[in-house]
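These protein sequence lines are chains Z and S, in that order.
Per the numbering used here, residue 1 is the first one in the first sequence, and the count goes up by one each step.
Per the numbering used here, residue 1001 is the first one in the second sequence, and the count goes up by one each step.
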Amino acid sequence: MTALPVSRSSRWAPLAALLTTSVLLTACGSGDTGSGGGSRPKSGGTLTFAVGSDSGCVDPQQVGSNDTIYSVRQLVDSLTDQDPRTGKIVPWLAKSWDINSDATRFTFHLRSGVTFSDGSKLTAQVVKDNFDAVPKLGALGTLAEGYLSGVKSTVAVDPLTVKVTFAQPNAQFLQATSTHSLGIESAASVRKTPQQKCSDGIVGSGPFTLKGYVQNQSVTLARRTGYAWGSSLWAKKGEAYLDKLVFKVVPEAGVRAGSLQSGQVDAISSVGKANEAALKGGQVTLARRANPGVVFGLGLNNARPVLKDARVRQAIEAAVDREQIAGTVFPTGTRPAGSVLAHTTPDYTDLSADLATDTAKAKSLLEQAGWKAAGDGVRTKGGKKLSLTVTWFPNAATNQPALELVQQQLKAVGIDVVLRQLPVTQFATTLQAGDFDVVWGNVTRSDPDILRSSFSTRLANFYHLPASSLDTALSQQAATTDTAKRAKLVAEAQRLIVRNAYYVPVVELQTQLGVSTKVHDLDFDSGSRVQLHDTWIG
Amino acid sequence: MRRYVIKRLAQAVGVLWAAYTVSFLVLDFLPGDPVTAMAGAGMDSGQVDPAQLAALRHEYGFDKPVLVQYAEYLGRAVRGDFGDAVSNGRPVTSVIGDALPGTLQLTGAALLLAVVLGGGLAVVATYTSRRWLRQLLLSLPPLGVSVPTFWVGLLLVEAFSFRLHWFPAFGNDGLRGLVLPALTLAVPTGAQVAQVLAKSLLTALDQAYVETARAKGAGRRRVHLRHALRNASLPALTVVGLLVGQLIAGSVVVETVFSRDGLGRVTAAAVTAQDIPLVQGVVVFGALIFVATNLVVDLVYPLLDPRIVVTPDRRASFA
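See below:
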């Protein structure tokens, strides 16, 4: 999740801000920033980018926080890239690839002449070394490990051909190779321990190299001279425009905004609704893109007796007013959920008609389910009140106000909601233990396979869904390389989740950056992080 | 004197042990552990593998019984080894060592400002014969104590960085970057110095020896600065000893607002991540500083006030 700036109303706000920023994990999607316009791109200059947090690690394979990904992404290239507009996977370090029909074997043909910044060559063996080391990264590397889970072997077929084989069909792996998590590092870096890679940084083949990392202070990158193997999506061929990138860690959202406004930095991360007004009218543009993946929503525990009844779940889905929540709490431009996936996810299907607010329908569904209106406004059935506890974690400043609105909206149809806040450190354990009625969250991933990770009863099944035809759709989409067929299956899965209300989608998470108007072509990638190869200052 | 120092040192060790044990217990009572905290940091439910977490927990020893963990940690801590921080694998002592200079600069500068500004305010407020000025000056310390440090910091940044461009808004770079954070941290501290010193100055000025001095023909300024201030500075000195602890705590907020690296930032991050070894290291180090400062303050007393004699059986008594 991405942390948003926390309100400044209390003296604990800086602590809260630290808390939220230090735990964010996300990905996001795309849009153009900067006025572009008349002037021509030119080389040179330094971009200073203020981010909210430092995750204490500068290894792209291990970091999950956007604030760190913005910098370390620039150090490595990936086998593939993903077009943020179409979701299509395109060549980068791999000039082509073949996938067998059941998506268990992926063969990548590497481009020749690629070198790491330590002078060593990119070969199939280096890619193999990378993929073999990923499962040993430990707790910080869970993203990369997840992408490679179930891997049977990685084989260097010849110096420029590498073959990855999985035990089960794994269509998501192709998109996974486009992420920073599976960015390719030099053989020497791969041999280091995960801790060494975190604190000393790594050597990659990317358009920038690591010049310095001072914990909690800054990450400094310099342009890689001789770089000539950029992603096929990038406008500029060859080296990057900018000489230097300096990422400064500035935890307090108001200080970030003021620093941008007063010209002390050129771009800032995580602009929340509270800081939009301060940035308006100045020499600043706001860049926005919704994070792909599972939208913010109510993750229902489908095994709870009350929530086993589809009518109750559907009533909750109909009672939520998504427009109100998106408009009141979230940054300008945030969209109410139109499906369980955000609209920037490949194969997103617009189901907003199914997600329209309809309190009359919600009430009648509850009546049918036997929950009768009572004196104090909370419905009862057999003497039991219709009350649900929503568990949430303070990893984004928007969580509490959003849930307070949900609480009011559900109250209006006779459902009592109790909000329970837990420390972020308890997120994983709470889900694993199944100790919740409803949990508030989202997951960022630019591949629809995230639906399988989240909702297949054959995997972790944290929301305790019953086995159904949804499992079939989810397994089949993972086993096909036919894009049209996969899109149909993913659409089917979204429809099943929304119509059965296994998960109540509420609002998309939007990444919002503040960028000085003198900065051009600071573009979002498919994960809604930034690509700085094409960025220039003029 | 020597026996007194030895006794105080023994007390200091007791305080350190207590700080260590209490923080260990508190961290142990918190649900979860650093490994789940790290994995949960992603909040990416789909990716967490329980078997892998269990393996990591074993690697760090978090699966052992609490008492065994406590004994092991304590045994190593006594030898100055606090283990490795879970979040980045670096030795705790070097994490603290790296963060220390930044915090020492900040707290040192803040303490200096607090004593100079707070002390100056107290002296002027008690010296002036203009009633309105005295009232005005004496109303400042309660204000300084009650406004949130966080807010003061943002206000100073807004005025002197964003508008006037005199100082940078963030970072550890040089003297210019130190001014605003040190001033912010000095506000509550200086206010307390001023409160205590003003009160004891007023008390001192009522004492008989002041009358004697005046009767002997000493000027007002001489009476105020040489006689009253010297006597009034004792309580203020005690407060300064206590304020060192407060300055270290205040650095958590100030370092966050001004994006400075230092112990405060390290502490906040370690607590958030439930990084037990690092939190333990910071707690013991903080307690060490606190104990050492107060020991120094106690030993300085006799130098300031010849009436105070340190005796072996009592802490300090008037002879």
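Beta carbons: idealized from backbone N, C-alpha and C, even for Gly.
Treat the numbers as computed from the prediction; the structure is a model and nothing was measured.
Give me the Cα-Cα distance between Asp534 of chain Z and Tyr348 of chain Z, rounded to the nearest whole angstrom. For the purposes of this step, residue 534 of chain Z is identified with residue 534 of the first sequence, where counting begins at 1. For the purposes of this step, residue 348 of chain Z is identified with residue 348 of the first sequence, where counting begins at 1. Cα to Cα, Asp534 of chain Z sits roughly 28 angstroms from Tyr348 of chain Z.
Step through the CB atoms of chain S and report whether any lies within less than 8 angstroms of the CB of Gly527 of chain Z. In the first sequence, counting from the first residue as 1, residue 527 of chain Z sits at position 527. Not one chain S Cβ lies under 8 angstroms of Gly527 of chain Z.
Are the C-beta of Phe1170 of chain S and some C-beta of chain Z separated by less than 8 angstroms? For the purposes of this step, residue 1170 of chain S is identified with residue 170 of the second sequence, where counting begins at 1. Phe1170 of chain S counts as touching chain Z.
Would you mind sorting Ile268 of chain Z into buried or exposed? The rule is 16 or more other CB atoms within 10 Å of its CB. Along the first sequence, one-based indexing puts residue 268 of chain Z at 268. With 16 or more other Cβ atoms within 10 Å, it is buried.
Between Leu15 of chain Z and chain S, is there a C-beta pair that is closer than 8 angstroms? Indexing the first sequence from 1 puts residue 15 of chain Z at position 15. In this prediction, Leu15 of chain Z scores a pLDDT of 37, lower than 50, which makes its location untrustworthy; the coordinate-derived value is nonetheless stated afterwards. For Leu15 of chain Z, the answer is yes, since a Cβ of chain S falls inside 8 angstroms of its Cβ.
Quick one: what does DSSP say Lys1007 of chain S is sitting in, helix, strand or coil? Counting from one through the second sequence, the residue named residue 1007 of chain S turns up at place 7. The answer is helix: DSSP assigns Lys1007 of chain S an H, G or I state.
What residues in the region 1094-1110 of chain S bring their beta carbon closer than 7 angstroms to a beta carbon of chain B? The displayed structure is made up of protein chains Z and S, and chain B is not among them.
Run through the region 1086-1141 of chain S for me and flag every whole beta strand (DSSP E) of 3 or more residues, listed as ranges in chain order. none
CB Val190 of chain Z to CB Asn100 of chain Z, shorter than 8 angstroms? For the purposes of this step, residue 190 of chain Z is taken as residue 190 along the first sequence, with counting starting at 1. For the purposes of this step, residue 100 of chain Z is taken as residue 100 along the first sequence, with counting starting at 1. No, the Cβ-Cβ distance between Val190 of chain Z and Asn100 of chain Z is not below 8 angstroms.
DSSP has Gln421 of chain Z in a bridge; who is on the other side? Looking up residue 421 of chain Z in the first sequence gives position 421. Per DSSP, Z:Trp392.
Please go through the region 121-194 of chain Z and give each complete alpha helix (DSSP H) segment of 4 or more residues, from N-terminal end onward. 124-133, 142-147, 172-176, 187-191
Grouping DSSP H, G and I as helix and E and B as strand, with all else coil, what is Gly212 of chain Z? For this step, residue 212 of chain Z is matched to residue 212 along the first sequence. In the structure shown, Gly212 of chain Z sits in a strand (DSSP, three-state: E or B).
Apart from the five residues just before and just after Trp234 of chain Z, which ones in its own chain have a Cβ nearer than 8 angstroms to its Cβ? Taking the first residue of the first sequence as position 1, residue 234 of chain Z is located at position 234. Closer than 8 angstroms at Cβ, skipping near neighbours: Gln531, His533, Asp534.
Could you check if His1058 of chain S is buried or exposed, using at least 16 other CB atoms within 10 Å of its CB as the buried criterion? Looking up residue 1058 of chain S in the second sequence gives position 58. Its Cβ having fewer than 16 others within 10 Å, His1058 of chain S is exposed.
Alpha helix (DSSP H) runs wholly inside the region 290-356 of chain Z, at least 4 long, in chain order: 305-308, 310-319, 322-329
According to the neighbour-count rule (16 or more other Cβ atoms, all chains shown, within 10 Å of its Cβ), is Lys273 of chain Z buried or exposed? As a working note, residue 273 of chain Z is residue 273 in the first sequence. Answer is buried; the Cβ neighbour count reaches 16.
For chain S, find out if any of its Cβ atoms is closer than 8 angstroms to the Cβ of Ser259 of chain Z; answer yes or no. Position 259 of the first sequence, counted from the first residue, corresponds to residue 259 of chain Z. For Ser259 of chain Z, the answer is yes, since a Cβ of chain S falls inside 8 angstroms of its Cβ.
Which two residues bound the contiguous alpha helix (DSSP H) that contains Thr1256 of chain S? The residue given as residue 1256 of chain S occupies position 256 in the second sequence. 1229-1257 is the span of the alpha helix (DSSP H), which, as asked, contains Thr1256 of chain S.
If you measure beta-carbon to beta-carbon, which residues of the region 154-186 of chain Z are closer than 8 angstroms to chain S? none
Where the alpha helix (DSSP H) through Leu410 of chain Z begins and ends: Here residue 410 of chain Z refers to the residue found at position 410 when the first sequence is read from its first residue. Counting along the chain, the alpha helix (DSSP H) containing Leu410 of chain Z begins and ends at 399-411.
Return the CA-CA distance between Pro1235 of chain S and Leu1229 of chain S, expressed in angstroms with no decimal places. In the second sequence, the residue the question calls residue 1235 of chain S occupies position 235. In the second sequence, the residue the question calls residue 1229 of chain S occupies position 229. Inter-residue distance for Pro1235 of chain S and Leu1229 of chain S is about 11 angstroms (C-alpha atoms, whole angstroms).
Taking only the alpha-carbon atoms, compute the straight-line gap between Ser35 of chain Z and Arg529 of chain Z and give it to the nearest angstrom. Taking the first residue of the first sequence as position 1, residue 35 of chain Z is located at position 35. Taking the first residue of the first sequence as position 1, residue 529 of chain Z is located at position 529. The pLDDT assigned to Ser35 of chain Z is 43, lower than 50, so where the model puts this residue is not dependable, and the model offers no usable value.
Which listed residue (Z:Val507, Z:Leu470, Z:Tyr502, Z:Ala222) has its alpha carbon closest to that of Ala491 of chain Z: In the first sequence, the residue the question calls residue 491 of chain Z occupies position 491. The shortest C-alpha separation from Ala491 of chain Z is found at Z:Leu470.
Are at least three pairs of beta-carbons, each pair with one atom in the region 330-339 of chain Z and one in the region 372-379 of chain Z, less than 8 angstroms apart? no
Proximal chain Z residues relative to Arg1250 of chain S, where beta-carbon distance stays under 9 angstroms: Walking along the second sequence from the start, residue 1250 of chain S turns up at place 250. Reading the sequence as shown, one finds Gly at residue 1250 of chain S and not Arg. None at all; the shortest Cβ gap to chain Z is about 11 angstroms.
So, does the CB of Ala412 of chain Z fall closer than 8 angstroms to a CB anywhere in chain S? As a first step, residue 412 of chain Z is located in the first sequence; it is residue number 412 there, counting from the start. With 8 angstroms as the cut-off, Ala412 of chain Z does not count as an interface residue toward chain S.
Host alpha helix (DSSP H) of Asp67 of chain Z (start-end): Residue numbering aside, residue 67 of chain Z sits at position 67 when the first sequence is read from its first letter. Segment 66-72, the alpha helix (DSSP H) holding Asp67 of chain Z.
For a cutoff of 8 angstroms on Cβ pairs, would you count Thr1189 of chain S as touching chain Z? The residue you call residue 1189 of chain S lines up with position 189 of the second sequence. No, Thr1189 of chain S lies away from the interface with chain Z (no Cβ there is under 8 angstroms from its Cβ).
Could you please give the first and the last residue of the uninterrupted beta strand (DSSP E) stretch that includes Val219 of chain Z? Counting from 1 along the first sequence, the entry for residue 219 of chain Z is found at position 219. Taken as a continuous stretch (DSSP letters only), the beta strand (DSSP E) holding Val219 of chain Z covers 218-223.
Between the C-alpha atoms of Gln125 of chain Z and Tyr1060 of chain S, what's the straight-line distance to the nearest angstrom? Here residue 125 of chain Z refers to the residue found at position 125 of the first sequence. Here residue 1060 of chain S refers to the residue found at position 60 of the second sequence. A direct Cα-Cα distance of roughly 32 angstroms separates Gln125 of chain Z from Tyr1060 of chain S.
Taking DSSP as the reference, what is the three-state secondary structure of Met1043 of chain S? Taking the second sequence and counting its residues from 1, the one referred to as residue 1043 of chain S is at position 43. Unreliable positioning characterises Met1043 of chain S in this predicted model, as indicated by a pLDDT of 49, which lies under 50. The coordinate reading is nonetheless provided below. In the structure shown, Met1043 of chain S sits in coil (DSSP, three-state: anything other than H, G, I, E or B).
Can you give me the Cβ contacts of Thr1093 of chain S inside the same chain, cut-off strictly under 8 angstroms, excluding the 5 residues immediately before and after it? Within the second sequence, residue 1093 of chain S is the residue found at index 93, counting from 1. Contacts found: Gly1080, Asp1081, Phe1082, Gly1281.
For Asp248 of chain Z, which of helix, strand or coil comes out of DSSP? Taking the first residue of the first sequence as position 1, residue 248 of chain Z is located at position 248. Sequence check: residue 248 of chain Z is Lys here, not Asp. Strand, per DSSP.
Pair every Cβ in the region 1087-1103 of chain S with every Cβ in the region 1190-1207 of chain S, then say whether three or more of these pairs are closer than 8 angstroms. Three or more beta-carbon pairs separated by less than 8 angstroms are not found between the region 1087-1103 of chain S and the region 1190-1207 of chain S, which leaves the two stretches without contact.
CB of His464 of chain Z within 8 angstroms of CB of Ala360 of chain Z, strictly: If you number the first sequence from 1, residue 464 of chain Z lands on position 464. If you number the first sequence from 1, residue 360 of chain Z lands on position 360. Using a Cβ distance threshold of 8 angstroms, His464 of chain Z and Ala360 of chain Z do not count as a contacting pair.
The region 391-411 of chain Z / the region 419-429 of chain Z touching (three or more Cβ pairs under 8 angstroms): yes
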